[in-house]
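Chains as they are written, first to last, in numbering that gives the first Met the number 0: chain U, 0 to 310; chain G, 0 to 309; chain W, 0 to 341. Please read the structure below before turning to the comments.
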Amino acid sequence: MIARDATAAAVGSGLRSGKRDWSGRLFASALLGSLLAALVILVALLWEVVAKGMPVLTERGVDFLAAGPSSLPAEAGIGAALAGSFVMIIIVTVVAFPIGIGAAVYLEEYARDTWLTRAIATNVRNLAGVPSIVYGILGLVLFVEALNRVVDIRDLGSLLSGGLTLSVLVLPIVIITTSEALRSVPRSLREAAFGVGATRWETIRYHVLPAAAPGILTGTVLSLARAFGETAPLLLVGVSTGFFSTGGADTIERLLRSPYSAVPMQILNWSLFPNPAFKSLAAAGIVVMMTILLLVNGVAIWLRNRYERAW
Amino acid sequence: MASAKPIVTAADLRGGSARRRRETAIRGSFAIAAGLSIVISAIIILSLIGNAISFLRQIDLSWLVAGGWFPRSDQFSIATVFVGTFIVAGVAMLIAVPLGLGAAIYLSEYASARARRTLKPVIELLAGIPSIVVGFFALTLISPDIVQRLFPSATFFNLLAAGIGVGILSTPLVATVAEDALRAVPQSLREGAYGLGARRRLTSTRVVVPAATSGIVAAVILGFSRAVGETMVVLMVAGGTGGSSFTINALGPGQTATGAMAALAVGTDQVKGSSAAFQSLFFVGLLLFVVTFALNVTSARFVRRARRHG
Amino acid sequence: MRTTRQRKLVLAASILAIVAAACSSKSDTSSPGSAGGGLSGTVAVSGSSTVLPISQLVAENFSNANPDAQISVDGPGTGDGFVLFCEGKTDISDASRQIEPEEKKACDKAGIHYVELEIGLDGITVMTNPANSSITCLNKGDLYALFGPQSEGFKSWADANALAQKVGGTGNFPDEPLSIVAPGQESGTYDSFITLAGIDTTAIAQGIPEDKAAALRTDYQSSPNDSVIIQGIEGSNSALGFVGFAYADQQGSAVTKIEIDGGDGCVEPSASTISDGTYPLSRSLYIYVNTDKVATNDTLKAFVDYYLSDTGIASVTAADYVAIPSDRLDASRSAWSTAEGS
């Protein structure tokens, strides 16, 4: 008995009409059109950026990549901002990854399925969806004001505060991607290890983690890319909006205390100047930034393809 | 034989005490890591609530319904800020939903495997573009060459350009989540429709999309949440950095929640302490946190519903 | 295990990289105090966005000569700069107006001692978009009608005509949308504009209570970033705003500098009219230096020495502002030598 529902009615009317399916074709074209619109937007964006930015890069090349901020467009470069981003990425790696991977290991491998565990998991998911500027508030309260009372760090915000803020921003993403990677490892692997007498840690260390490593690596690389592109939280922790010099920074301690900038922040500063020369600098900075992001994403995809195992 | 001693005892399997201590220590350190995520949430919420309360105590509650958002003039109209947010997010959805859903339906129902391989990267590339880049694009192209050409009365800094930029950022998110939802619809449903003679448009619109409703709703809510939380594009092109009167005019400057917070940071981040103007930052932050939290929880509920019925 | 080992290797390599990068640079620093090269302290400058281009140029040149010095220069606004300065968080506060009594009180309360040094001259430039060609000269009455507290809600230039005529302005503005982009209350330019254009006196004469008289209308797009103001003027056909002279002058013909009639005829802002004071909205630019910190911070001392030296003070004109007359420069220099000596 054919169910009398909307589907059958719709299908029936389709069957009965004998014309060519113009509306169908129109529909398909409209759908393809939306994809093409996205493509047009992408191309327009890249074109605009490359057209404005390439002249700067071809004329000044390495000089642009090495120089620091300057009021003169002909001398300003993205070097200092690149260095700042680089140091902050390292801080993120050192701080967020161990904690994030550890938290995920606990949630997936050790914790029993109680309300507490589920609450933590939900909490992590919600943290991942919080707007990035709210993390700036956390950074301000914790890593500028509170930290200032404990350690003698720059009052207005320093590389360390910036790096720690980005670490907290990225932490939920690391936890989520690592959890998913761990979940994809089949139970049989763990059970086999238990079966020969391994403790839980030994199982994790020698069997589960290596198996989940590709997924974890991809996730961590992608979260680094995210940290690299974020500016909003840095606004609240004293990133430079004018000129700064890190002063050689010949010790790690001095480096962590110095004023700083990051690549997206430098682009923001340049974008706000009405002088077209600065807009070109901003575009050149974007080209550098997108190249780095492309490389990083490429590495992530390569890692995933190379090491991924189908279970 | 029945009373022979077993070769391996439970004690052997349990291992030495050192091994067990190490196990406990390692388990403990992982637990601490997991606990840290709760600590972070707690700090965020506590600092937001604490300072928000301090803010509310300092101000005259009538200031919350003033004519505009001018923190330095003691005008803290929450309505201005959130109307601005919803205008920008609304415009963003007007772009992200058609483009995102359209792309998702095409990739899931119409595209051949080869077409999918060529076209899906478009969405993935768009997803990888940082918001500062879209902000730059909005400043140099969307506002002068699109919005101001179409609407000559528009000022250079306007909410519409910001909305379009945010829409570009939300599109990949809507597209990806919706596509996942559509692909999760069992093939048998489609085959049933085709078997009855339905063509692709009919199948897609009357069979597949309705079946994937929960997932699609989740996609739209997530896109909206992203739009509400976007800061850079708004900071660069929506104007209103010092404040804004209540406005519903998308062709003029305006203020959003994230923009208000960023403006307080860039202009005033140095003005710390207990001034009401600065503490309004926490108040807006709390409201924003609550709104995005609610949106994300709702979206997760729809995802769970999709999983159950899919 | 291959991947775990690889991960350990990557971790070790990156740690080595940080240490190497941190230790390898500048391992041959000359001793502090050596001629022009070895200063390695920190200098934090913040405050006025108007003075920012000057301080930035000074800082860049100083940094080139002293690569080990950690310097930061920002421009969130004169008012915000003073808050930081009087909390001891910055060493130098740029200001486009003099310190106000409440700010002085805050500094005294925190035990901050400072010296005020005049370093340059500026003329607040009122601008409009070149497309708005009927506006070439405005007098103080016009400025009050367009910007003052009673202009709240005027959405078109023509709305201000009645009020302008009432307070002695010309009052024949076209019926074009009035979109104002100007500094906000964090800015010294805001305060200077009110005083120099006589907004507060006109307001009191019009019956506005004294505590509300020294304010502009609130419904305009304010920005602490002067570049954003310029962009707003350039981008909208009948926009109006005001900004420090250097920012406007550098835009050439992309903005129209409106002549101001202070009672003696319309005067265009230029280096000469600002220098001799004929431009009505001329004002001084200052830096305030924390003298307690100077005692312990050689780099800060050298920085201010450089600022006031002939090469340093040339940054004022290089940044497109106007140099102070030599007698006032000498006054600043002697104020500084007394302060650094104490």
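Every residue, glycine too, gets a C-beta built ideally from N, C-alpha and C. What you are looking at is a predicted structure, and each value in this text was computed from that prediction instead of being measured.
Distance from U/Ile215 to U/Thr177 at the Cβ level is roughly 5 Å; contact confirmed, criterion being Cβ atoms closer than 8 Å. Taking CB atoms only, W/Lys139 has no neighbour in chain U less than 8 Å away. For G/Arg71, at least one C-beta of chain W is nearer than 8 Å to its own C-beta. At a cut-off of 8 Å between beta carbons, G/Gln74 contacts chain W. Those residues of the region 157 to 180 of chain G placed with their C-beta closer than 9 Å to a C-beta in chain U are Ile167, Thr170, Pro171, Ala174, ordered along the chain. Counting C-beta pairs closer than 8 Å gives fewer than three between the region 196 to 208 of chain W and the region 219 to 231 of chain W, which falls short of the contact rule. For U/Tyr105, no alpha helix (DSSP H) encloses it, and the DSSP letter there is neither H nor E.
Close partners of G/Asn248 in chain U (Cβ separation under 8 Å) are lacking, with about 23 Å as the shortest Cβ gap.
C-alpha of U/Ala276 to C-alpha of W/Ile232: approximately 18 Å in a straight line.
Taking U/Ala50 as reference, the option from U/Tyr306, U/Ile285, U/Gly297, U/Leu255 with the minimal CA-CA separation is U/Ile285. Secondary structure at W/Cys136: strand, using DSSP grouped into helix, strand and coil. The straight-line gap separating the alpha-carbon atoms of G/Arg189 and G/Ile52 is approximately 55 Å.
Among the CB atoms of chain W, one or more fall inside 8 Å of the CB of G/Ser152. Comparing alpha carbon positions, the residue from U/Val55, U/Leu35, U/Val167, U/Val86 closest to U/Pro97 is U/Val167.
Taking a C-beta cut-off of 9 Å against chain U, the contacting residues of the region 20 to 41 of chain G are Arg21, Glu22, Ile25, Arg26, Ser28, Phe29, Ala30, Ile31, Ala32, Ala33, Gly34, Leu35, Ser36, Ile37, Ile39, Ser40, listed in chain order. DSSP places W/Asn128 in the coil class of the three-state scheme, outside both helix and strand.
In this structure, U/Gly135 and G/Ala264 form a Cβ contact; the two beta carbons are roughly 7 Å apart against a cut-off of 8 Å. For G/Phe155, the nearest beta carbon of chain W is closer than 8 Å to its own beta carbon. Annotation for W/Gln69: the continuous beta strand (DSSP E) segment containing it runs 69 to 72.
The C-beta distance from G/Leu140 to U/Glu47 rounds to 5 Å, short enough to fall under 8 Å. Contact check for W/Ser95 and W/Asp73: beta-carbon distance about 15 Å, past the 8 Å limit, so the pair fails to qualify.
Three or more beta-carbon pairs drawn from the region 161 to 169 of chain W and the region 140 to 147 of chain W are found closer than 8 Å, and the two stretches are therefore classed as touching.
Cβ neighbours of G/Thr246 within its own chain (closer than 6 Å, five residues either side excluded): Gly253.
No Cβ-Cβ contact shorter than 8 Å links W/Leu307 with W/Leu120. Taking the Cα of W/Thr89 as reference, the smallest distance to any Cα among W/Thr41, W/Ser336, W/Leu328 is reached at W/Thr41.
For U/Ala180, the CB contacts under 6 Å within the same chain, skipping 5 residues up- and downstream, are Ala211, Gly214, Ile215 in chain order. Within the region 143 to 191 of chain G, not a single complete beta strand (DSSP E) segment reaches 3 residues in length. Nearest in C-alpha terms to U/Ser160, of all of U/Val123, U/Ala197, U/Val140, U/Ala27, is U/Val140. For U/Phe142, there are no neighbours in chain W by C-beta distance under 7 Å, as the nearest C-beta there is about 16 Å away. Here DSSP, grouped into helix, strand and coil, assigns W/Gly251 to helix.
Residues of chain U whose Cβ lies closer than 9 Å to the Cβ of G/Arg113 do not exist; the shortest such Cβ separation is about 14 Å.
Taking a contact as a CB-CB distance under 8 Å, the pair U/Val220 and U/Leu302 counts as one, their CB atoms being some 7 Å apart. For W/Val125 against W/Ile259, the beta-carbon gap comes to about 7 Å, under 8 Å, which counts as contact.
In this structure G/Ser107 does not touch G/Leu221 by the C-beta definition: roughly 17 Å separates them, more than the 8 Å allowed.
Sequence-distant Cβ neighbours of G/Gly242 in its own chain, meaning closer than 7 Å and more than five residues away, are Gly67, Trp68, Phe69, Pro70, Gln254. Excluding its 5 nearest sequence neighbours in each direction, W/Glu267 has C-beta neighbours in its own chain below 8 Å: Lys256, Glu258, Tyr278, listed in chain order.
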